[in-house]
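Numbering (my numbering), first residue to last: 22 to 164.
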Amino acid sequence: MSEPAPLRLIAEDGEDLAVLSAALQDAVGKIGDIRFEAAARRLTIGLNRFRWEAGGKQGERIRSGLQIGSVLQVQSRRLRREAREAVLSLLGVTFEPGDVPGGTIVLTFAGGGELRVEVECVDAALADVSAPWPTPRRPAHEE
């Protein structure tokens with residue numbers, strides 16, 4: 022079986038964001054890896070993504086970057102900026118439509134943390150930026 026290629030995904034609507042969400046489920050990162058550039062209207066997050074598409078029992082992670090453009094405002098809940106080394110586990114990414122084509126992209130983290138990203142339009146990209154490495158911990162969810 023050949024090695025899956027690094028992911029390079031673009032989201033331009035809520036359905037596309039659902040695909041990004043599936044790829045990012047159980048990604049982990051630090052609060053310090055979240056960067057909002059207000060002047061550029063861009064939010065960038067570095068994450069260690071679990072490679073669900075690689076299959077197998079061992080499991081792999083890969084460093085990935087999520088970038089959201091056309092950002093009007095970012096609000097956080099239960100995420101403390103001063104806790105830069107705190108590790109977050111991403112549960113999912115959803116879209117709440119607003120004034121078309123805009124709305125709010127919601128990133129939900131384990132433990133109740135949340136980033137709400139108000140966007141003029143959905144303009145998001147996910148890219149793997151490293152080689153994968155094995156991980157002994159495969160994410161598990163209660164049924």
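Quick reminder that beta carbons are idealized off the backbone N, C-alpha and C, glycines included.
Excluding the 5 residues flanking S91 on each side, which residues of the same chain have their C-beta closer than 7 Å to its C-beta? R62, V140, E141, C142, D144
Nearest residue (CA-CA) to I173, options G80, Q96, F57, A75: Residue 173 is absent from the model: the chain starts at 22 and stops at 164.
Cut-off 6 Å between Cβ atoms - residues of its own chain near A39, not counting five sequence neighbours on either side: none
Answer yes or no: does any C-beta atom of chain C fall closer than 8 Å to that of D149? Of the chains in the structure shown, none is chain C; there is only one protein chain.
Quick one: residues in its chain with C-beta nearer than 6 Å to the C-beta of A148, no 5 flanking neighbours on either side, listed in chain order? Apart from the 5 residues on each side of it in sequence, A148 sits with its Cβ closer than 6 Å to the Cβ of R29, G86 in its chain, given in chain order.
Using DSSP with H/G/I as helix, E/B as strand and the rest coil, what is S42? helix
Would DSSP call E106 helix, strand or coil? DSSP, reduced to helix, strand and coil, places E106 outside both helices and strands of the structure shown, so it counts as coil.
Nearest candidate by alpha-carbon position, reference L100, set F71, D54, G76, E81: D54
Specify the secondary structure class of E74 as computed by DSSP and reduced to three states. helix
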